[in-house]
Structures are given as C-alpha cells and as structure tokens.
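Some notes on the structure that comes next.
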Amino acid sequence: FSESYLTIFYDHGNNDLLGGFVSSQDLETGNYSKIPSFLLNTGCLTAGYYISSNRQWLFVTHVLRSGRMNCLGFVDLGIAWYRDGKIICDAHGLNPSILNHSFLDDKTIGEAYKIGKNCCSCGGDVVILLGDPTIKPRWWE
1161 FSESYLTIFY DHGNNDLLGG FVSSQDLETG NYSKIPSFLL NTGCLTAGYY ISSNRQWLFV
1221 THVLRSGRMN CLGFVDLGIA WYRDGKIICD AHGLNPSILN HSFLDDKTIG EAYKIGKNCC
1281 SCGGDVVILL GDPTIKPRWW E
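Just so we're aligned: 1266 in this note's numbering is position 106 of the sequence shown, and the numbers increase by one with no gaps anywhere.
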C-alpha cells in the first residue's frame, strides 16, 4: 500500500478502514506518504461522514492526509443493490471506467470519473472523488 502508485481495493470497508487491509489509525501513525498515488476502492462507507460517530477518523480524510493524490470513496453501500434477487445497480462499475478512461484514453481522473458516473444509471449518488480531479496518472512517462 505504501509503495504503490495505484491501489485498487474490492472488498469490505467501513468509515475508518478498508476491511482488515489498512485503517485510519494506520494512516495516522504510519509512513504512507512515500509516493504520490491513487486509491480506487469499493469499500462501503469509506466516505460516510454523516454516518460516522468518530468523524475525525473518517477513512478518506486520512487517505488524503497520508499523501494520496486521489481517493474514491462511498458515502453509503459500495456493493450492488438487489431487488427480488436481481442486481439493479452496481456502483463497482465506476472503477473500471476510471481505469479505462484515465489510464488508457489519456483523460484526467476527474473526466474519467464524470464519464463513469454518467454512464451508469445508479450509484452516482453514493460515490465521491476526493483529491485533485485535474491529474492525469502518467508517472511512467
């Protein structure tokens, strides 16, 4: 986590951690700001400010404080919504859209995020992008 330019996390989350992987407390006390980097995650409630009882430990806030340039966070459920046993909404589709448009199509993170949110019929109300939307992730050039 501390040595990567891009971290993609597909698992459970909460308002102060990514499911057993890294927590707000880890980010506060560890050295996670070695390189500028991005975090795309689907962990529920990682940006759930109004749900959190300890708002000073909100995970996405600590991600930015630790030196990450961008973070994708969920203010509610990050997983698909179900009705009658069928998936009716999958906000997880936003991460592949950001990867495709920013890394392959040379768009900024903000442009890729906007395209991803607009192409999906749902999920846009629970996903937020924090950080600098004008960055083009091109550290290999």
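Built from N, CA and C at the ideal position, the CB exists for glycine as well.
So, helix, strand or coil for residue i, using DSSP?
i	result
F1219	helix
L1264	helix
L1205	coil
N1175	coil
G1227	coil
I1295	coil
I1211	coil
G1233	strand
For the alpha helix (DSSP H) that contains residue i, what are its first and last residues?
i	result
L1254	L1254 to I1258
L1187	S1184 to T1189
Can you find the residues in the same chain that come closer than 7 Å, C-beta to C-beta, to residue i, ignoring five residues on each side of it along the sequence?
i	result
I1275	S1257 and H1261
E1188	H1222
Y1210	none
C1231	L1199, V1220, V1223, L1224, L1290 and G1291
Considering residue i, what are the terminal residues of the beta strand (DSSP E) in which it resides?
i	result
V1287	V1287 to G1291
F1169	L1166 to F1169
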